[in-house]
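Q: The structure is given below, and queries will be raised subsequently.
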Amino acid sequence: MWAAAGITTLAFLVTLEIVARGYGLPGPITDQSREVILAPESGPLLYAGLALTLVVLTWRQRFIAVGTAVGIDLVFWLVRWIVGASMNFGNGALWVVLGLAVVALARRTGPERILLLKGSGLGLLLVAGHKTGDTSLIITSKTRPTVLDPYVALADHALGDPSWLVGRMVEATDPISTHLLGAVYGQLPLAAAIFALYQLRHVAIERRFPQHHLVRTFLVIGLLGPAIYMIFPVAGPIFVFGADGGQWAVANLWPHTTPPITAPHPVPFDEITPRNCMPSLHTAWATAIFIHSRKGSRTIRWIGAFWLIGTLTATLGFGYHYGVDLVAGVVFALTIDAAMRSWGRGWEPAAVRLIALGTTVFAALLLSYRYLPLEMARYPWVWGPLLILAMTSVIHTYMRTTRLWDPQTAPEQQREPQPVQPPPAQKQPEPV
Numbered sequence: 002m003w004a005a006a007g008i009t010t011l012a013f014l015v016t017l018e019i020v021a022r023g024y025g026l027p028g029p030i031t032d033q034s035r036e037v038i039l040a041p042e043s044g045p046l047l048y049a050g051l052a053l054t055l056v057v058l059t060w061r062q063r064f065i066a067v068g069t070a071v072g073i074d075l076v077f078w079l080v081r082w083i084v085g086a087s088m089n090f091g092n093g094a095l096w097v098v099l100g101l102a103v104v105a106l107a108r109r110t111g112p113e114r115i116l117l118l119k120g121s122g123l124g125l126l127l128v129a130g131h132k133t134g135d136t137s138l139i140i141t142s143k144t145r146p147t148v149l150d151p152y153v154a155l156a157d158h159a160l161g162d163p164s165w166l167v168g169r170m171v172e173a174t175d176p177i178s179t180h181l182l183g184a185v186y187g188q189l190p191l192a193a194a195i196f197a198l199y200q201l202r203h204v205a206i207e208r209r210f211p212q213h214h215l216v217r218t219f220l221v222i223g224l225l226g227p228a229i230y231m232i233f234p235v236a237g238p239i240f241v242f243g244a245d246g247g248q249w250a251v252a253n254l255w256p257h258t259t260p261p262i263t264a265p266h267p268v269p270f271d272e273i274t275p276r277n278c279m280p281s282l283h284t285a286w287a288t289a290i291f292i293h294s295r296k297g298s299r300t301i302r303w304i305g306a307f308w309l310i311g312t313l314t315a316t317l318g319f320g321y322h323y324g325v326d327l328v329a330g331v332v333f334a335l336t337i338d339a340a341m342r343s344w345g346r347g348w349e350p351a352a353v354r355l356i357a358l359g360t361t362v363f364a365a366l367l368l369s370y371r372y373l374p375l376e377m378a379r380y381p382w383v384w385g386p387l388l389i390l391a392m393t394s395v396i397h398t399y400m401r402t403t404r405l406w407d408p409q410t411a412p413e414q415q416r417e418p419q420p421v422q423p424p425p426a427q428k429q430p431e432p433v
């Protein structure tokens, strides 16, 4: 399974690199290769990748690895300061992750080699996933000259135009809300790495990865999401209906005036703004964090819930997404997580039904947004409940199915064991 996943990922990265080069852009492989020497774009992300790699090491090895990474970064920082180059950090973390992969190939054998390679691959994939997402977003803006925002804005009437509502709330509570929500929204990858570290904290002791964990779902969401962007290009209300769209905006309506109910049509847009709304991947990622935090401690569960609520509020309040994007994002996340669980467990009938339901609902949502937006806007009291009901059906089926998969909550173990009754005492014969 790991070999097939590695080959598939490599083929995808090479393909994306070729496509990006065709548009005169550096691809994800080029971007990540440059960070071996040049100043990285995101130091915290590289150290988050290193942290994921460290789950396979002992505590002593972790201290050595982190110390080596910091030492390398100090050397790079000093050289850049002397020559006047761009200052940043993170090269040391990338060097250590790559070095551990070399050690695995040269100095380890058998299960230990595989475990260390998995750890290094996990760290590199986190960074590569981020680079892949950035490249994919640029490609969407270059290859999709028109956007379908008028369709989605009409469909959003069925939910009461939540982006406009939350946008006004965030505007009224600025700057406190913008700083807090900006931190939650911008540090979502780092939050995912922290939750994954908690989930993988026993790998070094057990010498194996769990059957299913957050990183797998997180990465697959990031790989598949841009493909939907190409099919359904949407830029977001703050760009197409707001001030950030400049001369390309249809009108300056967001967040104070909702769009009128008129026949929609694709509108041309610039070649800079990504078409990254449908579905909302931030919602999908935050949903994945939430469901994977349910088995943690009370603190972890509360943080997972906070990050989900904060992300949903930020996506709407900043004008990056419509409400219907979030509905699609939840269904998207649950379907992918179910597929990743099934990959490790085997394709049981309940799993196949869950994945089929999620896929069908997701496709029905996209088709409704594209071909029935006028009806959705004119009859919100019908379509609004239908959208929520469709999303809720996937949530309910996911919860019911995963409870059956979890041995701690399976029906046969939910029943409390009956106390063993002591044998009845023998009746003593009465004295004559």
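Be aware that the sequence shown starts at 2, since it is given in the working numbering, and climbs by one per residue. Backbone N, C-alpha and C fix where the C-beta goes; we use that ideal spot for every residue, glycine too.
1) On the DSSP letters alone, give me the boundaries of the alpha helix (DSSP H) that Tyr323 sits inside.
2) Look at the alpha carbon of Leu47 and the alpha carbon of His131, and state the distance between them as a whole number of angstroms.
3) Report yes or no: do the segment 260 to 269 and the segment 343 to 358 share at least 3 C-beta pairs separated by less than 8 angstroms?
4) Is Arg81 closer than 7 angstroms to Arg276 when the C-beta atoms are compared?
5) Can you give the Cα-Cα distance for Leu125 and Asp338, rounded to whole angstroms?
6) Do three or more CB pairs link the segment 155 to 173 to the segment 288 to 299 at distances below 8 angstroms?
7) When you compare the segment 153 to 160 with the segment 367 to 385, are there three or more beta-carbon pairs, one atom per stretch, that lie closer than 8 angstroms?
8) Going by DSSP, name the residue or residues bridged to Pro269.
9) Answer yes if the segment 94 to 101 comes into contact with the segment 113 to 128, meaning at least three C-beta pairs across the two stretches below 8 angstroms, and no otherwise.
10) Terminal residues of the continuous alpha helix (DSSP H) containing Arg295?
11) So is Met341 buried or exposed if we call it buried at 16+ other beta carbons inside 10 Å?
12) Spatial neighbours of Pro41 within its chain, please: CB distance less than 8 angstroms, with the 5 preceding and 5 following residues excluded, ordered by chain position.
13) Classify Asn253 as helix, strand or coil using the three-state DSSP reduction.
14) As a quick exercise: from Gly28, Tyr323, Leu198 and Lys296, pick the residue whose alpha carbon is nearest that of Leu149.
15) Just to confirm before moving on: does the CB-CB distance between Leu225 and Ala52 stay below 7 angstroms?
16) Can you find the residues in the same chain that come closer than 8 angstroms, C-beta to C-beta, to Val331, ignoring five residues on each side of it along the sequence?
17) Taking 7 angstroms as the cut-off, decide whether the C-beta atoms of Val67 and Val204 are in contact.
18) So the alpha helix (DSSP H) Pro238 belongs to, where does it begin and stop?
19) Are the beta-carbon atoms belonging to Ala105 and Leu118 less than 7 angstroms from one another?
20) Would you check if the distance between the CB atom of Gly320 and the CB atom of Trp255 is smaller than 7 angstroms?
21) Could you name each continuous alpha helix (DSSP H) segment of 4 residues or more that falls completely within the segment 41 to 129, going from the start of the chain to the end?
22) Rounded to the nearest angstrom, what separates Gly44 and Ser343 at their Cα positions?
23) State yes or no: is the C-beta of Ala244 nearer than 6 angstroms to some heavy atom of the ligand NAP?
24) Hey, could you find the ends of the alpha helix (DSSP H) Asp32 is sitting in?
25) Would DSSP call Gln248 helix, strand or coil?
26) Can you have a look at Gly168 and say buried or exposed, based on whether 16 or more other CB atoms are within 10 angstroms of its CB?
27) What do you reckon, are the CB atoms on Thr336 and Gly318 nearer than 7 angstroms?
28) Do the segment 309 to 317 and the segment 172 to 184 make contact, defined as three or more Cβ pairs closer than 8 angstroms?
29) Return the CA-CA distance between Arg302 and Pro267, expressed in angstroms with no decimal places.
30) Sorted by chain position, which residues of the same chain lie with C-beta nearer than 8 angstroms to Ile273's C-beta, five sequence neighbours on each side aside?
31) Leu282: which of Gly237, Asp245, Phe233 and Gly223 sits nearest, CA to CA?
32) Suppose the cutoff is 7 angstroms on Cβ atoms and the five residues either side in sequence are ignored; what does the same chain contact list for Ala102 look like?
33) What residue from Ile304, Thr110, Leu201 and Ala236 has the CA that sits closest to Leu189's CA?
34) If I'm right that Ser298 touches Phe196 with Cβ under 8 angstroms, what's the distance once you round it to whole angstroms?
35) Classify Ala264 as helix, strand or coil using the three-state DSSP reduction.
36) Exposed or buried, what is His214 when buried is set at 16 or more other beta-carbons lying within 10 Å of its beta-carbon?
A: From the atom records:
1) No alpha helix (DSSP H) holds Tyr323; DSSP gives it neither H nor E.
2) Rounded to whole angstroms, the gap between the alpha carbons of Leu47 and His131 is 10 angstroms.
3) Taking 8 angstroms as the limit for Cβ pairs, the verdict is that the segment 343 to 358 does not touch the segment 260 to 269.
4) Contact: no.
5) The alpha-carbon separation between Leu125 and Asp338 amounts to approximately 21 angstroms.
6) The answer is no - the segment 288 to 299 does not touch the segment 155 to 173, with fewer than three Cβ pairs under 8 angstroms.
7) Counting C-beta pairs closer than 8 angstroms gives three or more between the segment 153 to 160 and the segment 367 to 385, which meets the contact rule.
8) DSSP lists Thr147 as partners of Pro269.
9) The segment 113 to 128 and the segment 94 to 101 touch, with no fewer than 3 CB-CB distances between them shorter than 8 angstroms.
10) Unbroken run through Arg295: none, as it is neither H nor E.
11) With 16 or more other Cβ atoms from the protein chains shown falling within 10 Å of its own Cβ, Met341 counts as buried.
12) Setting aside the 5 residues that flank it on each side, Pro41 is surrounded in the same chain by Leu47, Asn89, Phe90, Gly91, Asn92 and Leu95, each with a C-beta closer than 8 angstroms to its C-beta; the list follows chain order.
13) The three-state reading of DSSP puts Asn253 in coil, since its state is none of H, G, I, E or B.
14) Checked all of Gly28, Tyr323, Leu198 and Lys296; the closest Cα to Leu149 is Tyr323.
15) No, the pair does not count as a contact, with Cβ atoms beyond the cut-off.
16) Excluding sequence positions up to five before and after Val331, its CB lies within less than 8 angstroms of the CB of Thr284, Ala285, Thr288, Met392, Val395 and Ile396, all in the same chain and listed in chain order.
17) The answer is no: Cβ separation not under 7 angstroms.
18) Pro238 -> alpha helix (DSSP H) spans Pro238 to Val241.
19) Yes, the pair counts as a contact, with Cβ atoms nearer than the cut-off.
20) Cβ distance < 7 angstroms, so Gly320 and Trp255 count as in contact.
21) Qualifying alpha helix (DSSP H) stretches, in chain order: 44 to 54, 60 to 84 and 92 to 108.
22) In a straight line, the C-alpha of Gly44 is about 34 angstroms away from that of Ser343.
23) Judged by which ligands are present, the structure shown has none, so any question about the ligand NAP falls away.
24) Segment Pro29 to Arg35, the alpha helix (DSSP H) holding Asp32.
25) Residue state, collapsed to three classes: helix.
26) Label assigned to Gly168: buried.
27) Taking 7 angstroms as the Cβ cut-off, Thr336 and Gly318 do not qualify as a contacting pair.
28) Cβ pair count under 8 angstroms is three or more, so yes.
29) Per the coordinates, the alpha-carbon of Arg302 lies some 42 angstroms from the alpha-carbon of Pro267.
30) Excluding sequence neighbours, Ile273 sits near Ser142.
31) The closest CA to that of Leu282, considering only Gly237, Asp245, Phe233 and Gly223, is found on Gly223.
32) Excluding positions up to five away in sequence, the list reads Leu118 and Ser121.
33) Distance from the Cα of Leu189 is smallest, within the candidate group Ile304, Thr110, Leu201 and Ala236, for Ile304.
34) Taking a contact as a CB-CB distance under 8 angstroms, the pair Ser298 and Phe196 does not count as one, their CB atoms being some 12 angstroms apart.
35) It is coil, neither helix nor strand.
36) Classification for His214: buried.
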